[in-house]
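Below is one structure, written out as structure tokens; the observations come after it.
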Ligand code: SF4
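Chains as they are written, first to last, in the numbering used here: chain A, 1 to 473; chain B, 1 to 213.
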């Protein structure tokens, strides 16, 4: 047997046919659907007189538009409501399983897939959403697609793809205390840039990655797309298998044993070839904070805002200057001097139970600062919310002055009413700090959950390693 | 999908790297359940001085005179010249829909983000990757000449400048074929239905747990 990377294995197992032009027809095991990128695909299907190829491979949920406040109230925005209703009716029409807004399992599509066992190791998983790379944390080939491809998946259970190149991102050693998966991935993006992974499938490996919890691996893979890679993944190990066990959609009985045998081969063979290898030393990674309008504009909390005049590449320097103007920051300002007025803890990057625990650990140490007008905590799913409440985390947040909300995408992109006002600085655990992403004119700083909670209490960024015993994970 | 063969059109330069799909079409417009009508909101936050809402009549809104597409010389733009990592971020196909609806069916840049790249070709938009040095020259020429047009010939894989200089470009053969003929991917794939069924039968034995839900 020739040596293969994990990507080679995942790819080969899903080739239905190789086309003459060098593309392949790739089988899709799981198709996740949400309300924003699917209506035009269902409409296209109908207009062409086609029907879904395999109903049971689909799972749908509403997440982008849903309000995070009281769900018993009707949805105020009629356009959001139409989009939610359209998903309901499309799923009803084709008998596709859907977790609607009143279902306790409802949540962000990338949180509920793994939570339900609907996303499994070795699967090809797609969704009309770029952060589908999240599911790669389970050792799956998962990537975001556009609406035409959503329609293609519905109609054929396949996609026409050309194989990507292989990239290995190896993080050696162990991270210091207070450093999370979020800091690791931001540091990687800071190093290779937002286009560094373009054209590649990105495998994360090394001691620091193996040590991550499953939640951490999902956070890591979630932002592979921010490094330019459509898919990011981590090899299967015992943690993966333990995580998958006994979930509603996971295999049971004899199937389980067969699956485990299969999954145990889902790693890169010794000596397999990568087209590109990047290495980082975990011990050099500090708590990361973005200062600009692209995730690659990131530094450690102990650094200062960089100076565009020191950047040799003219196009890059101009990009930096534009970003500083938008963010209203001056070169040389210590990151810890940046004052914030809003805090958002949530999104498919950081809304799993481990994230809630890490933020609560810090929230215990004080009260939300006066200059912070709103600090919201939005769990990734109804089940995460219930678990957190069982552990009493909701009360910790509420006592400290945070708001405890209903699950959904929320202020990650502000399609629902949760939005930044122009000029506001926000400490956010989401994944994109683009201009206007969290609200027109809003200024986003991407950080880990512990760093966001710490900023909420201090009113500005602080080094989470300096807080209390600093024992947050 | 409409075919793309040749295009002779006005070029507008957008001189910034990492233009993301949130900027191309902001989130509030994603609430539409249609594929068309996004053109007036292309680059909404850069193009207008107020905050746009879906369904609003854009002809009455205050425009940002500094934004490239608002300048008289760039009216009726059909080709956009961009920088590195064009179209990064969200997978929203509303981004190519907005370009197409606006009338831009060709974008030239040193590099594009993967999902935007494949989404564009599925909507009859040709994306051309050129060397950064060539792009630098094009930026200079476009900015120096009012009414600057490029002539694009997909079959010949060539771009002709107003001074009759010819630039050739590389493109994936499969994408070129689909775009030239305006082919429907789904129809093509469904011709392989038997292969898909055979694959499923094989996998039901090898990985039965993937077929139990
Ligand atoms: S949480 Fe944010 S990034 Fe994740 S799916 Fe929702 S909108 Fe997209």
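The beta carbon of each residue, even a glycine, is placed where N, CA and C say it ideally should be.
Chain A places no beta carbon closer than 7 Å to that of residue 12/B, leaving this residue out of the contacts. Residue 201/A places its beta carbon 7 Å or farther from that of residue 250/A. If you draw a straight line from the Cα of residue 66/B to the Cα of residue 271/A, it comes to about 54 Å.
Your pair residue 119/A and residue 135/A checks out as a contact, with CB atoms roughly 4 Å apart and the cut at 8 Å. Annotation note: the segment 21-52 of chain A contains the following uninterrupted beta strand (DSSP E) runs of length 3 or greater, listed N- to C-terminal: 24-27 and 30-33. At a threshold of 6 Å, residue 131/A counts as near ligand 1, since its beta carbon sits closer than that to one of the ligand's heavy atoms. Under the Cβ distance rule, residue 93/B counts among the residues neighbouring chain A, one pair being separated by less than 7 Å. According to DSSP, residue pairing for residue 232/A in a beta bridge involves 202/A. When the five nearest sequence neighbours on each side are left out, the beta carbons in the same chain lying within less than 7 Å of the beta carbon of residue 27/A are those of 14, 16, 124, 157 and 158, in order along the chain.
Sorting 160/B, 25/B, 31/B and 134/B by C-alpha distance to the C-alpha of residue 101/B places 25/B at the top.
If only complete runs of 3 or more residues are kept, the segment 248-323 of chain A shows the beta strand (DSSP E) at 276-281, 288-290 and 298-300, in order along the chain. In the displayed model, residue 457/A falls within a helix according to three-state DSSP. Following the DSSP letters along the chain, one finds residue 78/B inside the beta strand (DSSP E) bounded by residues 77-81. Excluding residues up to 5 positions away in sequence, 168, 169, 170, 171 and 176 lie with their Cβ nearer than 8 Å to the Cβ of residue 157/B in the same chain.
Distances between the C-beta of residue 112/A and the heavy atoms of ligand 1 are all 6 Å or more. Close to residue 34/B, with beta-carbon spacing below 9 Å, are these residues of chain A in chain order: 39, 40 and 43. Taking residue 269/A as the centre and dropping the five residues before and after it, the same chain places the C-beta of 3 and 4 closer than 7 Å to its C-beta, in chain order.
Chain order gives the chain B residues near residue 158/A as 189 and 196, where near means a beta carbon separation below 7 Å.
Pairing residue 301/A with residue 291/A gives a Cβ-Cβ distance that is not under 7 Å.
Of all residues in the segment 435-447 of chain A, those with a C-beta nearer than 7 Å to a C-beta of chain B are 435, 436, 437 and 440, reading in chain order. Contact of residue 157/B with chain A is not assigned, every C-beta pair being separated by 7 Å or more. Chain order gives the chain A residues near residue 45/B as 435, 436, 440 and 441, where near means a beta carbon separation below 9 Å. Between the beta-carbon of residue 45/B and that of residue 39/A there is about 24 Å, and that puts the pair past the 8 Å contact cut. In this structure, DSSP gives residue 74/B a helical state, which the three-state scheme calls helix.
The three-state secondary structure of residue 428/A, taken from DSSP, is strand.
Contact of residue 262/A with chain B by beta-carbon distance below 7 Å involves 207. Excluding the 5 residues flanking it on each side, residue 424/A has same chain C-beta neighbours closer than 7 Å at 341, 342, 442 and 443, in chain order. With contacts defined by Cβ atoms closer than 7 Å, residue 179/A and residue 227/A do not form a contacting pair. With a threshold of 6 Å, the Cβ atom of residue 409/A counts as near ligand 1, since some heavy atom of the ligand is closer than that. Looking from the CA of residue 205/B, the closest CA among 432/A, 229/A, 258/A and 103/A belongs to 258/A. Within the chosen limit of 6 Å, ligand 1 does not reach the beta carbon of residue 33/B with any heavy atom.
In summary, the residues of the segment 415-434 of chain A whose CB is separated from some CB of chain B by less than 7 Å are 415, 432 and 434, in the order they occur in the chain.
Residue-level contact check: residue 347/A does not touch chain B, since none of the beta carbons of chain B fall below 7 Å from its beta carbon. By the rule that beta-carbons nearer than 7 Å mark a contact, residue 106/B does not touch chain A. The segment 88-129 of chain A is shown to contain whole alpha helix (DSSP H) runs of 4 or more residues at 109-116, in chain order.
Segment contact: the segment 405-418 of chain A against the segment 318-329 of chain A, fewer than three CB-CB distances shorter than 8 Å; contact not assigned.
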